[in-house]
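Taken in sequence, the protein lines are chains A and B.
First residue of the first sequence: 357, per the numbering used here; consecutive thereafter.
First residue of the second sequence: 18, per the numbering used here; consecutive thereafter.
Just so you know, even glycine gets a beta-carbon here, dropped at the ideal spot from N, CA and C.
Since the model is a prediction, treat every value here as computed from it, not as a measurement.
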Amino acid sequence: VFEKRAHVPIEQRNYSTYYLVLSGLLFLGTMWAVVDEIATRRPWKHYQKDFYRAADTLIQKRIDEAASEIDSSALAEARAALQAAQDSLSGNRYRATLKEFERTAEELINETREYQFAKSRGDEAYYFYKKSVHEGNEDASQKLKLEKEEAQMAKHQDAMNALQARKDSLQAILMEYRQNVKKAQNSVADILKRVEKWEAKRARLAAAPIQIRQVMMLDYDRNPFNDPKARVDRCQTCHLGWNEDVMEDAPQPFTKHPLPELLDVHKPEVYGCTPCHRGQGAALTAGMAHGEDDHYWENPLLRGKDVWASCNECHENESVLADAPEFTKAKHLMIESGCHGCHEIKGYTDLPKIGPQLDNLAFKTSPTWVYRWVKNPKDYNPHTRMPNFKFTDTEAEAVTAYLMDVSSKSGFTLASGKGAYTGGNAQRGKALFESVGCQACHVAGEMTKVRETRGTSYDIAPELTRVGSKVNPDWIYDWVRNPRHYNPTTKMPSLRITDGEAKDLVAFLMTMKDERDIPPKTLELASATTIKKGESLIREYGCAGCHVIPGMEKEGRVSVSLSNFGRKKVEEMDFGDTKVPHTWHDWVFNKLKNSRVFATDRIVQKMPVFAFSDDEITSLRMFLLGQTKDEPDKKYVRAFDKKQQNIESGRRVAILYNCQQCHQLEKSGAYLTAIIEEAALQPPILTGEGKKVQEQWLHDFLTSPTPTGQPNSIRPWIPTRMPTFKFSEDEINRLQKYFLGLSNQEYEIRDYKAFQPDPQLLPIGKQIFTDFQCLKCHPAGNAPPKNGEVSTSDLAPNLTKARDRLKPEWIVEWLADPGKIQEGTRMPTFFPDGQSPLPDVLNGDAKKQMEAIRDYVISIGQPARTTVASKGF
Amino acid sequence: MNSFMKVVALAVFVAGRVVAGDVTGKVAFEGTPPKSLPLRMDADKVCKAAHKTPVRGEEVVVNANNTLKNVLVYVKGGLGNKKFDPPSKKLEFDQEGCMYKPHVLGIQTGQELEVVNSDPTLHNVHSLSKENPPFNVAQPKQGMRLTKKFDKPEVFKVKCEVHTWMSAYIGVFSHPFFAVTGDDGSFTLSKLPPGEYTIEAWHEKYGTQTAKVKVDAAGKATADFKFAAK
């Protein structure tokens, strides 16, 4: 073809076919480019269109619902009323009134003008008259004229007054007509309110343009040179429904955010989504935006539970976030498992060791028990927090040898000597164990309900099911009477049990034997080389991370810092001989499941084996994912200010002493309540304690919960005892600030004695107190209640203590709605819906009545006791 | 539509409205009932004075014909998602002589309950409801009234803290088909549309029992229950 073509002269060659084909290709290419640009590469446009369509349908449904709930007869009535009101504006009476009003107004103007004219004429006459007087020839005619004009003015003034009054009354009538219309319009609008609200929303969405929605923070991040780096967040281009009520059950990407209360603070319209969810904010396709299609993107979307990891970027110092229970759970898991014993964790480097101190161990239990325990703690107690170090028999023997050797030299003696336990009643002991509160921390035999309620794979105190085979009765007798005697740093509090109660308890605990057949084992513990070997094993495996051990006082953490573990690269992780998929998540999961899994014949692993549940592992993994050095610019972080520091500092005291085993604090805890059915007998909820009790009282209570020596002095009918923790002044101080901080109260010295009842309210308060029959439940004196006057069950706190215990303003709040403060309380409200049942007292003013009761209650307090030296305030 | 079809339609419509049956039955009791001791009301002389003869607790009341009183019988399943408007009639729940009257009460969601204190002494009505918001309101004066409505179906206990012997149970249902057995141990669930239902009988001490019934076009069905002493 080309050869043939070469014979055709150039001038005669025809290129139109080429042009046609090429221009066709160019045209198609352009079309393709346009389509690709507008549609293919803009999938978010489809999302937006889908969203607006879906939202429109759902809103229409709401409109229909709202419309169907309208009482059509009421609407018709309201509309008829409106019509009637509007019609009356064109009615005869209104028109006549309006006409008369206009006429009167005109007449008033005329009259006013006439008055002004008369006044001008009068002024003129007055001038000439005065002038004539000054010139010495008084002009009587001018005076006469002035008087005449003044008479005219008075006449016009009267007419004006009459007209003005007439005009006002006519205007009032007209206004009434107009107001009727307005009222009718309002009542129609009221009925249609919901429909119109949705209509407005629908119109707003219908008018919304299809466009990229982005949030930009110019200085949120920092680059490696510490210069501010902008963050662009376009997630809301597709996730359009996060704030729309109708989208609650809609599929992604349109679903409403499930935790709107969190968004009140972490405003997506200001901060975007990536600070919490991570991902690649600038991307506009799902795969790239979520970061999963972009192999080089280091911050992929946090899925499932992992989303809570990012809380740590701003809240690393806080161990409780009330609105992030998963985060709180993971932190507690970390604290309670003692990860900080071996690993450095930012914000948690000063936590106390979680295990018991072992300096008196030889006086507590036998070498064989210690040996078996060291070998495999979970053999004796499957729920212990102590992990398994997988020691060989000889290693376990060596560790035992060292521990027994150093602890036998401590010089510990039992307070009452050997043989102090002379027997007790096991049945009574069991009843005491069940009622006094031991179960808050200890499981014994079948009593596992608190553990199940708490839901962790481990207990926070030793299970006692086999304790009878571990320790001797004299030691338990010594221990339960005063745990700090054997172990000065124990968290086990004193329950103020009497010697008799202690004997019963010991008798009960000694019935708890290890029934298994345990093969005897002969141990060689005396050899110096064995002891030496034990010492080096203890050092190597970091036992001192959790335990105080003589000779190990200077040991540091034996393992790596976790402070940037969340950013550890997969390439830096050793997967050993396993087939575990090479991802960060899989490595961590398998490591926590079995810490020795990546060991090989050459690589020894020392981390002991824990027994976390899968759920706990994913929680801990989430916690680790949050261990990064990423931190947004200061201005985006809630300041960890004095108040926050105080709260966290006290919170750690509360965590340390396991207050939440019994009490509800910051929305969680109160596990003991699982075995106390009646709410009124449960340990009180402490979240509002700072608002409730006086600082001095709380100080005294925490120092010694029962100054009078009764088991419980405030609610003596509750069998569960608030233990004596022997808190230090510093710990009490921290707890005080914690409670005050949680209640948004200032830490200040207040003189509660200065609060004097209002002498006028006092007798009224007394009357209401009598009318309400408060004494039916509350004892209010030291004398025993008279029969028939007070319920035999003595149900409520003695009010003579209120004066020294309660904050005056709290009493009023309590009276208003007790159930709101203490869920399930027996105290009823006397003012349902804020209404007083006594309309004749203080004009039925409920608030005033509550204040009167408060004043009376404070007045019945005993005379002020001598102030305890206010240490710590 | 021709006139024949109109007639048919009307007939179907009328039949559908009219056909509704009653489920009746008895709740028998077997065995020796636990001894009910007279209540000691010494704690409040008003209560004590209200009774000439000692009153007994109402936990287990066995009638003369060996039937059990205070059993709450209701349709548990079979109604589907049908909605029933609450009756406008208020129910009264009285505290008289330091006893609740009635001891067991059934009410429909949205229906008003009026709690009355007929005693010249302090009572508090404390609901231990779980589904509905619990309340605990004091009524220190005779004749005081309190109106309550419940939105969620459940059976819950009501007690008085001042007088520890006082207790009652309130059953809230999303439909009107419930009854409480009286002095003859019988009950009637009336005007049930034809269909198959699960009927449950609830007693505060003896728990629940269920029975299946079929209400046919004739509109009659029986369901008998039997509780045995523990």
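Selection from the options that minimises the alpha carbon distance to residue i
i                       : options                       : result
residue 941 of chain A  : A/427, A/660, A/572, A/898    : A/660
residue 825 of chain A  : A/1183, A/788, A/872, A/635   : A/872
residue 471 of chain A  : A/493, A/438, A/482, A/509    : A/509
residue 747 of chain A  : A/765, A/727, A/761, A/737    : A/727
residue 1271 of chain A : A/806, A/883, A/844, A/818    : Nothing about residue 1271 of chain A can be reported from this structure: the residues present for chain A run from 357 to 1229 only.
residue 236 of chain B  : B/208, B/223, B/177, B/246    : B/208
residue 637 of chain A  : A/593, A/600, A/679, A/792    : A/593
residue 965 of chain A  : A/1191, A/950, A/486          : A/950
residue 619 of chain A  : A/680, A/668, A/653           : A/680
residue 970 of chain A  : A/1090, A/946, A/590          : A/946
residue 144 of chain B  : A/1180, A/1190, A/560, A/1208 : A/1180
residue 1007 of chain A : A/599, A/395, A/678, A/451    : A/678
residue 800 of chain A  : A/475, A/752, A/839, A/861    : A/861
residue 466 of chain A  : A/512, A/507, A/440           : A/512
residue 853 of chain A  : A/1030, A/912, A/793          : A/793
residue 112 of chain B  : B/136, B/70, B/158            : B/136
residue 506 of chain A  : A/1020, A/968, A/416, A/475   : A/475
Neighbourhood of residue i by C-beta distance below 6 angstroms, restricted to the same chain and skipping five residues each side
i                       : result
residue 1166 of chain A : 1047, 1048
residue 701 of chain A  : 918
residue 156 of chain B  : 134, 140
residue 908 of chain A  : 900
residue 902 of chain A  : 694, 697, 709, 710, 711
residue 119 of chain B  : none
residue 268 of chain B  : Look at the range of chain B in this structure, 18 to 247, and you will see that residue 268 of chain B is not part of it.
Where the beta strand (DSSP E) containing residue i begins and where it ends
i                       : result
residue 45 of chain B   : 38 to 47
residue 187 of chain B  : 184 to 190
residue 508 of chain A  : From DSSP, residue 508 of chain A is part of no beta strand (DSSP E) but of the alpha helix (DSSP H) over 496 to 563.
residue 584 of chain A  : 584 to 589
residue 112 of chain B  : 108 to 113
residue 1186 of chain A : Per DSSP, residue 1186 of chain A belongs to no beta strand (DSSP E) and is neither H nor E.
residue 125 of chain B  : 121 to 125
residue 238 of chain B  : 237 to 239
residue 198 of chain B  : Note, residue 198 of chain B: premise wrong, no beta strand (DSSP E); not H, not E.
residue 86 of chain B   : Unbroken run through residue 86 of chain B: none, as it is neither H nor E.
residue 153 of chain B  : 153 to 156
Cβ shell of residue i (< 8 angstroms), same chain only, five flanking positions each side left out
i                       : result
residue 1143 of chain A : At residue 1143 of chain A the pLDDT is 44, less than 50, meaning the model places this residue with poor confidence; the figure from the coordinates comes in the next sentence. Taken in chain order, the list of residues that qualify is empty.
residue 28 of chain B   : Any reading at residue 28 of chain B is ruled out, since the residue's pLDDT is 47, under 50, leaving its predicted position unreliable.
residue 655 of chain A  : 630, 634, 635, 636, 647
residue 779 of chain A  : 859, 863
Sequence-distant residues of the same chain with beta carbon closer than 7 angstroms to residue i, five excluded per side
i                      : result
residue 468 of chain A : 516
residue 797 of chain A : 816, 817, 1014, 1017
residue 840 of chain A : 846, 1082
residue 754 of chain A : 886, 889, 890, 893
residue 996 of chain A : 673
residue 371 of chain A : none
Residue span of the alpha helix (DSSP H) that contains residue i, given as start and end
i                       : result
residue 1209 of chain A : 1202 to 1215
residue 729 of chain A  : 723 to 731
residue 471 of chain A  : 448 to 491
residue 831 of chain A  : 829 to 837
Problem set entry | Where the segment 151 to 167 of chain B meets chain A: residues whose CB sits under 8 angstroms from a CB there | 151, 152, 153, 154, 155, 156, 157, 158, 161, 163
Problem set entry | Members of the segment 167 to 190 of chain B that neighbour chain A once the beta carbon cut-off is set at 7 angstroms | 178, 179, 181
Exercise. Which ranges does the alpha helix (DSSP H) cover as unbroken runs of at least 4 residues, wholly within the segment 1033 to 1114 of chain A, from first to last along the chain?
Worked result: 1045 to 1048, 1051 to 1059, 1085 to 1098
Problem set entry | Every unbroken alpha helix (DSSP H) inside the segment 586 to 656 of chain A [4 residues or more] | 616 to 619, 624 to 627, 630 to 633, 642 to 645
Exercise. Which whole runs of the alpha helix (DSSP H) in the segment 953 to 981 of chain A are 4 residues long or more, in chain order?
Worked result: 970 to 981
Exercise. Which residues, in chain order, does the segment 98 to 118 of chain B contribute to contact with chain A at a C-beta distance below 9 angstroms?
Worked result: none
Exercise. Going along the chain, which residues of the segment 129 to 140 of chain B sit with their C-beta nearer than 8 angstroms to a C-beta in chain A?
Worked result: 138, 139
Problem set entry | Contained alpha helix (DSSP H) runs [length at least 4] in the segment 821 to 896 of chain A, N- to C-terminal order | 829 to 837, 839 to 842, 855 to 866
For this session: Write down every uninterrupted run of the beta strand (DSSP E) in the segment 703 to 788 of chain A whose length is 3 residues or greater and which is fully enclosed by it, in chain order.
Result: none
Problem set entry | Proximal residues, the segment 1117 to 1131 of chain A versus chain B, C-beta separation under 8 angstroms | 1127, 1128, 1129
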